[in-house]
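Using our numbering, the letters of the sequence shown map in sequence onto residues 14 to 197.
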Amino acid sequence: MSFRLLPRAFNRAFSSTTHRNDFHFDTHHFVQRLEREGLNRAQAEGIMSAMAEVIDESRHYTQQVDFAQIKSELQLMEKNDLAMIKAENDRLVADIEKLKQRLREEITRTQAGVRLDLNLEKGRMREESSHQELKIKEVDTRIEQEIAGLRTAIQASKATTLQYLVGFVTGCSALLMAYMRFRV
14 MSFRLLPRAF NRAFSSTTHR NDFHFDTHHF VQRLEREGLN RAQAEGIMSA MAEVIDESRH
74 YTQQVDFAQI KSELQLMEKN DLAMIKAEND RLVADIEKLK QRLREEITRT QAGVRLDLNL
134 EKGRMREESS HQELKIKEVD TRIEQEIAGL RTAIQASKAT TLQYLVGFVT GCSALLMAYM
194 RFRV
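See the structure below:
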């Protein structure tokens with residue numbers, strides 16, 4: 014990037030408001046020294062004003078070079094920071110992808126575990142259901158056996174009752190006939 018040189022009046026106005034005057038140049042002492050060396054007052058003041066301009070321009074040029082150097086350093090630092098941020102971002106993205114993959118694997122393992130538990134529970138439920146059905150069939154068989162036993166007992170009771178009834182009726186009939194015979 015290049016710097017455009019600004020008009021001299023603007024440079025002086027700009028430089029006088031933007032930087033501190035760290036360099037102190039004693040113009041009166043410089044003029045007196047030139048006069049002691051044999052120059053007249055006008056020549057000494059002319060040389061002094063030319064020297065002041067050269068010093069001022071040199072300071073301005075140094076300041077521009079410093080700004081350019083600072084700017085290039087800042088750009089380099091910005092590039093470095095950007096590269097570091099991008100590397101950190103890439104690392105974070107990779108870490109996130111790893112975490113996503115681990116999460117997927119964990120979810121898959123958990124789902125498999127839940128499915129296994131459900132299948133085991135279904136098997137246990139089927140086993141218990143078949144065990145309960147077997148018990149129900151045993152109870153049904155016992156009930157049917159009891160009912161069959163009761164029917165047999167009822168049939169036996171009926172037969173016995175019928176025998177006693179037939180015997181009783183026969184005995185009563187015999188008594189009635191005997192009574193009637195004796196009465197006649």
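Where a beta carbon is used, it is the ideal one built from N, C-alpha and C, also for glycine.
Would you mind giving the Cβ-Cβ distance between residue i and residue j, rounded to the nearest angstrom? I have them listed as a contact below 8 Å.
| i | j | result |
| --- | --- | --- |
| A2 | L47 | Beyond the ends of the chain as shown, which are 14 and 197, falls residue 2; an answer cannot be given. |
| T75 | M61 | Actually they do not touch by this definition, with Cβ atoms about 21 Å apart. |
- prompt: When the Cβ atoms of the region 84-98 are set against those of the region 57-69, are three or more pairs found closer than 8 Å?
  reply: Touching, no, given that fewer than three Cβ pairs across the two stretches are closer than 8 Å.
query: Which runs of the alpha helix (DSSP H), 4 residues or longer, sit entirely within the region 79-124?
result: Qualifying alpha helix (DSSP H) stretches: none in this window.
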